[in-house]
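When we follow our numbering, the leftmost residue of the sequence shown carries the number 138, and every step to the right adds one.
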Amino acid sequence: MATMTPQGPGYASPLIAMKEGPREKIVWLPCIRTGTGKPDYLATVDVDPQSQTYCKVVHRLYLPYLDDEIHHTGWNTCSSCYDDPTKVRNRLVMPALGSSRVYIIDISSERSPKLFKVIEPEILTSNGVSHPHTTHCLPNGQVMLSTLGDAQGKAKGSFITFDSYTFEHTGPWTSMDSEFGYDYWYQPTHDVLISSEWGCPTAFGKGFDPKDITANKYGTHINVYSWSERRLLQRIDLGLEGVMPLEIRFLHNPLATEGFVGCALYANIFRFFRKPDGTYEAHKVISVPPKKVEGWALPEMPGIITDIIISLDDRFLYFSNWAHGDIRQYDITDPEHPKLTGQIFLGGSIVKGGRVKVIHDVELKVSI
């Protein structure tokens, strides 16, 4: 949620935010509805244990269109502006992966957000991009969105920028596109931006088909750009084990030159790092084995890693296995050798009384 200091929004460092920042009292959740004839909405949830409405949805902001598929969200102003009292963190940027719209939400009233502006898909397609995904605020007063398609919806990894106050488009960030797009993270200290790859919008838009893997409609690379020159410098192929590299995270320490990326399909985590010669390399450091099952689409069920996140002190890596239904915690104090330290099951396809039956689980080392 928004955190304000007398100097400006945010904090001087992630560790200061962790140690001095207040606990969130509300959270906002993008909620997607498909096949219902009803629009997506942004839910406001009370997470203040002292509140009478604790753990309840206290507000729903319904969007004006159908089939948007809102996805990630981001701020209009960075923590890097913490020492600038003229900067305000009062807008939530909410791209719609399905419709190529971008919604700007006014969160001046945290418990009852309002729609501030709708950036229509024609703005994106006129700049040669579509299907926006990740949004980050930049130190120069802009916000930047990663995009997965060109104007016709064919695969193209690119970026488009907007003014963080008027939200008028300010053009593409680079002229050197990658084959696919998805998430990104940047580190100005090291003059680098690294992006990941999902796949072609025409492929994932119709639902997953295993044949599209061999048809090269899904990505296997992470892409290294020069932050200052906005040039694509390097493409790192993660191979078959790295199909669908999705969420990418640098360590929070601004001096760090390493991070992790979660590869969805075969449930692997790769560590990427800068070498002495300035180029980057990536190695697999975590692998979640598939489970042999009955009653599912395939005889083996992969974990399908979706989101990953790193604790603000860079001690733990968390990720979700979307199909298996568990969230895992790994100690990454030694980033080359993560250690599993926690696990909780919250849902997924493997549930008691469900139609999927686990026949063999390598991690349990027994047949069921």
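Here a beta-carbon is modelled for each residue, glycine too, at the ideal position from N, C-alpha and C. In this text the structure is predicted, and so the values were computed from the model without any measurement.
- Under the DSSP definition of a beta bridge, which residues are partnered with Lys421? The residue you call residue 421 lines up with position 284 of the sequence shown. Looking at the DSSP output, Lys421 shares a beta bridge with Phe407.
- Out of Val194, Pro151, Ser424, state which residue places its alpha-carbon closest to the alpha-carbon of Trp165. The residue given as residue 165 occupies position 28 in the sequence shown. Closest option to Trp165, Cα to Cα, is Val194.
- Exposure of Ser457, with buried meaning 16 or more beta-carbon neighbours within 10 Å: Residue 457 sits at position 320 when you count from the first residue of the sequence shown. Result: buried.
- Task: Assign Asn277 to one of two classes, buried (16 or more other C-beta atoms within 10 Å of its C-beta) or exposed (fewer than that).
- Result: Numbered from its first residue, the sequence shown carries residue 277 at position 140. The residue in question, Asn277, is exposed, as its Cβ has fewer than 16 Cβ neighbours within 10 Å.
- Near Ser504, what residues of its chain come up, given a Cβ to Cβ distance below 6 Å and the 5 sequence neighbours on each side ignored? Translated into the one-based positions of the sequence shown, residue 504 becomes position 367. Low per-residue confidence applies at Ser504: pLDDT is 47, beneath 50, and the placement is therefore not dependable enough to give any value.
- Can you tell me whether DSSP reads Ala90 as helix, strand or coil? The structure shown does not extend to residue 90, since the chain is modelled only from 138 through 505, so no value can be given for it.
- Message: Starting from Asp349, trace the alpha helix (DSSP H) in both directions and tell me its first and last residue.
- Response: What you label residue 349 is simply residue 212 of the sequence shown in a count that begins at 1. Note, Asp349: alpha helix (DSSP H), 348-351.
- If you run the structure through DSSP and keep just helix, strand and coil, what is Pro269? Indexing the sequence shown from 1 puts residue 269 at position 132. Strand at Pro269.
- Sort out for me which residues DSSP pairs Phe299 with in a bridge. Walking along the sequence shown from the start, residue 299 turns up at place 162. Within the DSSP bridge table, the entry for Phe299 names Val280, His306 as partners.
- How do the segment 345-355 and the segment 236-252 stand: do at least 3 beta-carbon pairs fall below 8 Å, yes or no? The segment 345-355 is not in contact with the segment 236-252.
- Report the partner residues of Ser216 according to the DSSP bridge assignment. Counted from its first residue, the sequence shown places residue 216 at position 79. In the DSSP output, where bridge partners are listed per residue, Ser216 has none listed.
- Query: Taking Cβ positions only, does Arg170 come closer than 8 Å to chain D?
  - Reply: Given the protein chain composition of this structure (a single chain), no chain D is represented.
- Item | Cβ-Cβ distance between Leu388 and Ala154 below 8 Å | Position 251 of the sequence shown holds residue 388. Position 17 of the sequence shown holds residue 154. Result no, Cβ atoms of Leu388 and Ala154 do not sit closer than 8 Å.
- Looking only at C-alpha atoms, which of Glu334, Lys412, Ala393, Ser486 sits nearest to Gln324? Walking along the sequence shown from the start, residue 324 turns up at place 187. The residue with the shortest Cα to Cα distance from Gln324 is Ala393.
- Sequence ranges, alpha helix (DSSP H) only - wholly within the segment 234-269, length at least 4: As for any alpha helix (DSSP H) of minimum length 4 sitting wholly inside the segment 234-269, the runs are 258-262, ordered along the chain.
- Item | Exposure label - Cys192; buried when at least 16 CB within 10 Å | In the sequence shown, counting from the first residue as 1, residue 192 sits at position 55. By the Cβ-count criterion, Cys192 is exposed, with fewer than 16 other Cβ atoms from all chains shown falling within 10 Å of its own Cβ.
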